Every structure is written in C-alpha cells, then in structure tokens.
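Those letters in the sequence shown? Residues 626 to 911, per our numbering, in order. We put the beta carbon where it would ideally sit given N, CA and C, even for glycine. Source: prediction; values computed, not measured. Report on the structure given below.
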Amino acid sequence: MVPAGPICANVSSFDIDRRGLERAHGVDAMEISGQEAETVRQGQSEARQPLYLAVYDSLRDEIQVGKWKVGASLPSEADLSDRFRVSRITTRHALRLLEADGYIRKAQSRRPVVMASAPARREGWFMESMADIVEMVGDARLDIRSWRQERSAPDARDFGLPLATRLHCLRGILSRNGRPYARSIIYFPPQIGARLSRGAFDDAVVFRVLQRLLGIHIEDVQLTVWSELASEEDARDLRCEVGSALLATQLQYRDENASLIEIAYSRALASEAKLSTRLVTSARVP
C-alpha cells in the first residue's frame, strides 16, 4: 500500500514534513573528475556501536542460547542497568527492541518475560535502527550512474547553504539478483563530497562509506516517506510503466555534532516495497 502523504520519522518519534519530488532531481550538473576529488582517508575504524544495541545484542544472544528459557523472567531494568553499566533509558530502549522482535513481553511494573528464543517474522522494511537500514539493503548491488556536482535548492537549504550551492551528488540503481528495484540519489555538502571520489562508493550502504573512510559517526537519522508516480527516467531505470506507483523515501543523516552530512533519496516500485516501523509510547499514567 502506498502512503497517501509523506511520513517523517526518527528512530522512535514521528512528525510530518512535506517534500516535493523536485528535490530528488538536481539540475545544471557538472561532472567531478578524480583530480578534483580529494584523496580519501584510509584506515579509519568503524563507528562505535550504540550502547542500547550492545545491550540488545547481549540479551538476545543469551535468550537464543537458552540462558533465559521461554517463560522465564529477565532481571529488572535496574539490575540490567547495573550489570551493563548503562542508564535506565538505554536498558529500556534495548528491551523495547527485544519486545518488537518478539523475544520478550513487557508489562508495567513487572519484569520482562521471555516469549520466544527466535525473532518473530517481520514483513517489509522494518526501520528502527541503523542495523535495520543495513538489513533492508542487504545483498543489494549499487550500480553508479553518475558522481557529479548538481544544484538542488531544497537540499542546499537543508544543509544550511546558499540555494545556488553545487552539491556533490551520487546517482545509482539498486538491484538484487540482477533486477533493479530502486533508484538512489544522494547529496553531500561540499566539505564532505570534496573528500570523496566515485571509486569510494564500493558499498550499497553508503553511510558506511562515510564511517569507514572519513571516520564519521552517524548519530541521528530522519526518515520521510511519500508516494509518487513513475517518471520516464524511473520507467527506464526500474523497467516499469510511466505512471506506476512508487514509494519514495528520504533519509537525512546527522553526525554527533548534529550536522547534516548526507541526504539520501530512494524511489522504489510500490508493488515491491513495504515499509514498517514502530511507535514507542511513554508509560501509561495510572
């Protein structure tokens, strides 16, 4: 089902943000040569894993190997926080992920109960963490169509730059098993794009390129989803009819300084795309 309007989401919060298709189509482009791109820094380590994911991974592994049997209760949030030396908020986030995956059931004022030793089946693209984005792309192949400078006023504005600024833009096709399923258009601000080259994009999960080569830690991701009809360019690249329903997404990546460092668009056939997420609500007031 294609959404009737745009939906904008972070990991656990939602707001509405209307975006036009025009921002996904830069104009007045200029090719970037290898000589114009700075040499990419090598040997950077992977960005650190968020604490809540470390807690989640540890508890999930313990459930899977049978340390905590189905029907057993996990320790309290306070005890888990002491064990992992993290805040209650971090522990609560990890438990919410375990509950979303079907491992446990939480109830107010009670310890979490183990419900299964394997994750529940999840349909569609379930987006709740950076790991879910990686899983969504999976074994896809990114075929690069162009790496050049383009003008895109809405994206320049989001980067906090003059509207006429030329942004570094990567355009490509995502395919799986030899079949294209999404167009990818990604913008970078000049201070990021100038440090990259076309050859740097050897990973379909592009934000991992920034982590690996530039040492950038992604701290926040905002997702916007809306519906569109396929243009002639979409029809050519996705092998569909002009006017076919598309699911369009925008991901805005920010670093630990809250600086916007990447704006990524995808345009996928709605018949093959289904996006799922989860609303996290606060505890009910008695």
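Classify residue i as helix, strand or coil using the three-state DSSP reduction.
i	result
Phe-709	helix
Thr-575	Look at the range of the chain in this structure, 626 to 911, and you will see that residue 575 is not part of it.
Gly-691	coil
Arg-685	helix
Ile-841	coil
Val-739	strand
Gln-847	strand
Leu-835	helix
Arg-864	coil
Tyr-728	coil
Leu-854	strand
Asp-827	coil
Gln-816	helix
Ala-679	helix
Pro-787	coil
Pro-744	coil
Leu-722	helix
Val-652	Unreliable placement is indicated for Val-652, whose pLDDT of 40 sits below 50; no coordinate value is reported for it.
Ala-898	coil
Output the boundary residues of the beta strand (DSSP E) element that contains residue i.
i	result
Ser-771	766-776
Gly-797	791-801
Ala-889	885-894
Gln-877	870-880
Ala-697	That residue, Ala-697, is in no beta strand (DSSP E); it is neither H nor E in DSSP.
Pro-805	804-813
Could you check the C-alpha separation between residue i and residue j for me, to the nearest Å?
i	j	result
Asp-768	Gln-733	48 Å
Leu-872	Ser-800	16 Å
Tyr-806	Leu-705	42 Å
Met-655	Glu-897	Confidence in Met-655 is poor, its pLDDT being 46 and thus under 50, which makes the residue's placement unreliable; the coordinate value appears in the next sentence. Their Cα atoms are separated by approximately 33 Å.
Trp-851	Ser-777	19 Å
Ala-870	Ala-889	20 Å
His-793	Phe-813	5 Å
Trp-772	Asp-827	13 Å
Val-867	Ala-893	13 Å
Gln-847	Arg-736	32 Å
Arg-730	Met-740	6 Å
Thr-874	Glu-853	10 Å
Val-831	Ala-819	16 Å
Ala-855	Arg-861	10 Å
Gly-696	Ser-742	10 Å
Ala-725	Pro-815	39 Å
Gln-689	Asp-682	10 Å
Gly-803	Arg-770	16 Å
Leu-885	Leu-678	23 Å
Pro-744	Gln-774	43 Å
Between residue i and chain D, is the shortest Cβ-Cβ distance under 8 Å, so that the two count as touching?
i	result
Asp-764	Going by chain labels, chain D is absent from the structure shown, which holds only one protein chain.
Pop quiz: residue i and residue j are said to be a contact at Cβ under 8 Å. What is the actual Cβ separation, rounded to whole angstroms?
i	j	result
Glu-887	Leu-835	7 Å
Asp-859	Arg-808	6 Å
Arg-791	Glu-844	So it is not a contact: roughly 26 Å between Cβ atoms.
Leu-676	Thr-715	5 Å
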